[in-house]
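Inspection log for the structure reproduced underneath, given as structure tokens.
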Amino acid sequence: MSVNLKINNIDVTVPEGSTILEAARSIDIDIPTLCYLKDINEVGSCRICVVEVKGMRALQASCVYPVSEGMEVFTNTKNVRDVRKINLELILSNHERKCLTCNRNKNCELQTLSNDLGVSEIRYEGENPHYNVDKLSASIVRDPNKCIICRRCVNVCKNIQTVSVIDANERGFKTIIGSAFNMPLAETPCTNCGQCIVVCPVGALREKEEIDTVWEALADPKKHVFVQTAPAVRVALGEEFDMPIGTRVTGKMASALKLMGFDGVFDTNTAADFTIMEEGTELLQRLENGGKLPLITSCSPGWVKFCEHNFPDFLDNLSTAKSPHEMFGAIMKSYYAEKQGIDPADIFVVSVMPCTAKKFESKREELSSTGYPDVDAVVTTRELGKMIKQSGIDFVKLPDGEFDAPFGIGSGAAAIFGTTGGVMEAALRTVADILTGEDIKQIEYNAVRGMKGIKEASLQIAGKKVRIAVVSGLGNARKLLDKIRAGEVQYEFIEIMGCPGGCVTGGGQPIVSSKIKMDIDVHAARAAAIYAEDESMEVRKSYKNPIVKKIYEDYFIEPCGHLSHKLLHTHYKQRENYY
Ligand code: SF4
Ligand code: SF4
Ligand code: SF4
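To convert a position in the sequence shown, counted from 1, into this note's numbering, add 481.
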């Protein structure tokens, strides 16, 4: 059913159930918004998107008000403009306005809106209470002084991730967004996924930066500082330099890292091929020897922590293979240190990740199998963007460089780790060849591609039935695991990624404003770049990566062997859940 209405005297027809905001956008009329975030936060609380509806005295919040037949709407009257400005000034009156030193300076929806609505003075004085900044988490910093109580973070954490560790405490002017009893996030079952950061319109949430730690290591002449970059970073880093969403900047990124002074610029994709070798072998062993099934991937640290808090009965299902960047660190401080004659104590491994949870992961005590932490510092894609700017590098003009040997070669299978379904597809490319003894040419598994939160398929591989599921987002993981617990579904192999869409839309990726998200499918654009990266590779199966082959021959001997169990595998532990 369609509905006909007029907006600013222009006829418009939209599906029944549309909001005024959606109807206006369908004819390119821009209504400013602040708390609104499509599909995540549609609550109408900030009152910035108000419009006049003929016949109604009060202005209406267009992001939640439904259209009706014959309705007449005005989005740009003097009254509308005045009220929007007053509402914005009231929000600003209680806001710690320190733009120059704020993490979100120049990428802040409140700042942009103040400029767009022409706020040049704030006529009201708020109470401006001072709150402590919560810096105790390894991944997330919360600064309530910058919070505008839009509740985007609350709704993403509760409805999309089903973690529910933040909500509104107190009421009225005293309202503050925080955890129960205002506990530090570090003491809650927060998964460190960072999805709250990427939806926050302002500087109230940010990652725990490790930029200075990396600069210090680079300035230390004793240290051998090696950097590795995850597959999803190269399809998003360009956005920090105003390049279009989904631009591949692999070569420019390698050039920039070399200019910044790293002693080795390596690719996490090489390590992702090791992860497939170990995890694929684990799957084959469990299938053949009657081991615990389904095997569930464990390379997403947000998902792993969620499992430890909420589904401890599934911990034995998790693959014990370390995540790729941790494997890389362990290999650097063992095999590479021996080969190069470097004391592992002098090796400093930096991971550039699309993920805030990797910061927490790198600090887990069990991820130090050489006696040293596998990884010494984790910076997000956003932090790398800042470091490149601090270095005075003109990123856009950089020529394409290459990763260094020996860890500069990754397969196409490793490249697709960056999007939902990628780890599953990468594993299937290797496992299917091993089971059939053939070099299978059809290597694109379309059933596991795309943004659907839960994807399922049943495959026949060498006469064996392998039932698989691919899940992204913790709310979807909860749904699937509850069904498994209830005995409603069975699988042999499951991929779970903590962030909706996988790492390309991870919590450490460049922040895209709510307005742009209304027009562009960010996941689709970045994922398309990931698949293009895969297609451009000569080697597209992990077991064919020549570096991986060589290191198994020289050092590990075989996947899931004695040495790889010591260096490339880990374990998990049940954690408390307060809810
Ligand atoms: S949150 Fe935005 S408006 Fe507030 S200080 Fe930071 S940049 Fe400025
Ligand atoms: S990091 Fe994830 S789990 Fe933690 S508060 Fe934010 S959205 Fe919730
Ligand atoms: S922390 Fe950010 S997303 Fe959460 S309510 Fe405050 S301003 Fe909104």
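The beta-carbon is built from N, C-alpha and C at its ideal position, and this holds for glycine as well.
None of these values were measured; they are calculated from a predicted model.
- When the beta-carbon positions are compared, residue 992 and residue 588 come within less than 9 Å of each other.
- Taken atom to atom, the span from the alpha-carbon of residue 972 to that of residue 791 is near 20 Å.
- In this structure, residue 934 has its beta carbon at no less than 8 Å from each heavy atom of ligand 2.
- Here the alpha carbons of residue 706 and residue 860 stand approximately 14 Å from one another.
- According to DSSP, residue pairing for residue 974 in a beta bridge involves 776, 949.
- Scanning the region 528-599 for uninterrupted alpha helix (DSSP H) segments of 4 residues or longer gives 559-574, 590-597, listed from N- to C-terminal end.
- Relative to ligand 3, residue 682 has its C-beta within less than 8 Å of a heavy atom.
- Look at residue 488 here: in three-state DSSP terms it is strand.
- Minimum Cα-Cα distance from residue 954 among the listed residues 628, 639, 1037, 797 corresponds to 639.
- Listed as beta-bridge partners of residue 937 by DSSP are 950.
- The straight-line gap separating the alpha-carbon atoms of residue 669 and residue 491 is approximately 51 Å.
- CA-CA distance, residue 553 to residue 568, rounds to 23 Å.
- Inside the region 880-912, DSSP marks whole alpha helix (DSSP H) runs of 4 or more residues at positions 893-896, from first to last along the chain.
- Around the beta carbon of residue 943, fewer than 16 other beta carbons lie within 10 angstroms, which makes this residue exposed.
- If only complete runs of 4 or more residues are kept, the region 718-760 shows the alpha helix (DSSP H) at 731-740, in order along the chain.
- In the same chain as residue 564, and ignoring 5 residues on each side of it, the C-beta atoms closer than 7 Å to its own belong to 531, 540, in chain order.
- Listed in chain order, the beta strand (DSSP E) runs fully inside the region 834-860 amount to none, counting runs of at least 3 residues.
- Residue environment analysis places residue 843 among the buried positions, since at least 16 neighbouring C-beta atoms fall within 10 angstroms of its C-beta.
- Membership of residue 659 in the beta strand (DSSP E) is indicated by the continuous run 657-659.
- Shown here, residue 1052 sits in coil according to DSSP, grouped into three states, outside any helix or strand.
- In this structure, residue 584 has its CB closer than 8 Å to one or more heavy atoms of ligand 1.
- In the DSSP assignment, residue 875 is bridged to no other residue.
- Note that the region 737-750 does not touch the region 849-864; fewer than 3 beta-carbon pairs, one per stretch, sit closer than 8 Å.
- Nearest Cα to residue 805 within the set 881, 643, 984: 984.
- Rounded to the nearest angstrom, the gap between the Cα atoms of residue 823 and residue 704 is 10 Å.
- Residue 602: not part of any beta strand (DSSP E); DSSP gives it neither H nor E.
- In terms of Cβ geometry, residue 865 and residue 721 form a close pair [threshold 9 Å].
- Scanning 726, 1034, 1025 for the CA closest to the CA of residue 892 turns up 1025.
- With a cutoff of 9 Å on beta-carbon distance, residue 501 and residue 548 are scored as near each other.
- The alpha helix (DSSP H) runs of length 4 or more contained entirely in the region 669-697 are, from start to end of the chain, 676-680.
- A distance below 6 Å between beta-carbons, with the five flanking residues on each side excluded, links residue 830 to the following residues of its chain, in chain order: 707, 810, 813, 856, 857.
- As the crow flies, the alpha-carbon of residue 959 is around 8 Å from that of residue 643.
- Under the three-state reduction of DSSP output, residue 801 falls in the coil class, being neither helix nor strand.
- The C-beta distance from residue 902 to residue 948 rounds to 15 Å, too long to meet the 8 Å contact threshold.
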